[in-house]
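In this note's numbering, the protein residues as written are 150 to 745. Glycine included, each C-beta is placed from N, C-alpha and C at the ideal position. From a predicted model like this one, the values you see are computed outputs, not experimental measurements.
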């Protein structure tokens, strides 16, 4: 089994050379005073050490042992408490948090790099700080000053952890039909009652308090999603002096028995008149919770990328170590019984496909992080508004496309291993099981695709899409005279034109066919993702080409060759995707119920 090693050279390349993040940070005064290149590099270096040496070694044992439930209490796998304490002591929980309440205030362009390393090293454990960071974001954006002062410092430090409680046994995506209730109390608090399921890290022994963010309905709430409110419900009540008081009236009823991420506690939570406090306005809890959910959706996309990176590392090592048969062109190692797997064209196809998605996906997650930084820190209103639009458009792509490809790449890595990929000791089957959930939670990928197509593209009449198309077109125009991009600009421009034509086609279809957006959504998300990664690979070429001369390591020359593979062997898939979308909803919707 290959051990995960944080890909620091790849991360530094994308962050510093492809996107020149330090220059972006320096251009925004609120960031310039917090982070500089040396600080960022030190954070990346330390993140690599922690994830490689402390977190990753627990991954397999956590899967084997799992969390244990005993009369409402949850015990984590051996080593998890100590590893979580390492995360706490390093300040990693508050890396991107508000400095006014103890966070470090680092830019998302940097934070996404840590998130990738954490999730690649151990997805189950990595979910705990990920959820806490999302909870902090929602509280910081929507909570009262009193709630923020009382809860944020200990959440950012990791002394307390956060959890989000949405799903109920009878409702998941359709939150409007939830049954959890909130009864107002004379002291301004609320009594929360109901059952929530699939609550990640809803109960555990790693932090001294767990702060739940719970969706529930007030007695006079409107029906549907417009009647949902958000409440902060701590496991232990917090006294005015910040000390912990009595246990709140809720408990973990059981742990789900899952396909993967077995080292993570996925809980059934029963609220029996638990004391909670309103976050944001009454009946506007869904909007407040979406602040957290949108953060988590990018985080889950990064989980997909991270799983693919771990799969690539394992499969690449195995392909160079395992000897099987001879190279088609003749023996590579005549002094040995066979040649390594990597000499075979189909094995190279698999490895290069993985590289295409992993390295392009890393650039894409950083690209989204860049726009998040502009949206949050820019002093220019026009730039900030444009960035907010791009983030809204790109978030469902990041979540759905990166996780779909992430799972696929775990399966491809498993295929490189052959029979050993199906055996537990090599680690690949765990990656396949763990990665599968990323396509489901935080909004299943079909819902993400529908969000992209129906709400973001059709809902804005193409205005949000135009922001992305303009950014790609501007890049293509700027790089016309760049000789390194000569083989890539024409197919990149054709891909953009194809995506734009299909977008316009669906906009027209949607005027007369209410099923058109839903019928197009999955293929459109893939088409968008494939085109976006082509854009990222063109950016990678711009950064790598000037450094290929004398590149004895093959790092930069390898980038150009992988870009060529992506454009020649992977990007053509967009042609068939476009044809599928153009066919409309007819063949999808014409079946009678008894014809399925």
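Ranked by Cα distance from residue 713, the options 569, 629, 516, 509 are led by 509. Per the C-alpha coordinates, the member of 349, 684, 328 positioned closest to residue 283 is 349. The DSSP-derived three-state label of residue 247 is coil. Rounded to the nearest angstrom, the Cβ distance from residue 428 to residue 381 is 5 Å, consistent with a contact under 8 Å.
For residue 548, the CB contacts under 6 Å within the same chain, skipping 5 residues up- and downstream, are 446, 449, 450, 597 in chain order. In this structure, 329 is the residue among 737, 329, 692, 665 with its C-alpha nearest to the C-alpha of residue 343.
When only Cα atoms are considered, residue 740 and residue 677 end up about 28 Å apart.
Partner residues in a beta bridge of residue 496, as assigned by DSSP, do not exist. Going by DSSP, residue 331 is part of the beta strand (DSSP E) stretching over 330-333. Assignment of residue 479 by DSSP, reduced to helix, strand and coil, places it in the coil class. Contact between the region 233-245 and the region 195-209 is present: 3 or more CB-CB pairs across the two stretches fall below 8 Å.
Looking at 495, 592, 209, the one whose alpha-carbon comes closest to that of residue 468 is 495. Residue 418 carries a strand assignment under DSSP once its states are collapsed to helix, strand and coil.
Residue 192 is bridged by DSSP to nothing; it lacks a bridge partner.
Proximity of the region 388-406 to the region 262-278 falls short of the contact definition, fewer than three beta-carbon pairs being nearer than 8 Å. Residue 303 and residue 498 have their C-alpha atoms spaced approximately 48 Å apart.
Residue 358 has 309 as its beta-bridge partners, per DSSP.
The continuous beta strand (DSSP E) containing residue 395 extends over residues 393-396. Scanning its chain for C-beta atoms nearer than 8 Å, with the 5 sequence neighbours on each side dropped, one finds around residue 655 the residues 602, 606, 607, 665, 666, 669, 673, 730, in chain order.
Partner residues in the beta bridge of residue 426, as assigned by DSSP, are 381. Residue nearest to residue 208 within the set 578, 643, 588 is 578 (criterion: CA-CA distance).
Per DSSP, the continuous beta strand (DSSP E) segment holding residue 223 begins and ends at 222-224. Residue 482 counts as exposed, since fewer than 16 other beta carbons sit within 10 angstroms of its beta carbon. Residues 490 of the same chain have their beta carbon placed closer than 6 Å to that of residue 471, with the five preceding and five following residues left out of the count.
Around the beta carbon of residue 573, fewer than 16 other beta carbons sit within 10 angstroms, so the residue counts as exposed. Within the DSSP secondary-structure output, residue 399 pairs in a beta bridge with 420. As the crow flies, the alpha-carbon of residue 588 is around 15 Å from that of residue 273. If you compare the alpha carbons of 611, 620, 390, 689 with that of residue 637, the shortest gap goes to 689. Between residue 453 and residue 715, the C-beta spacing is not below 9 Å.
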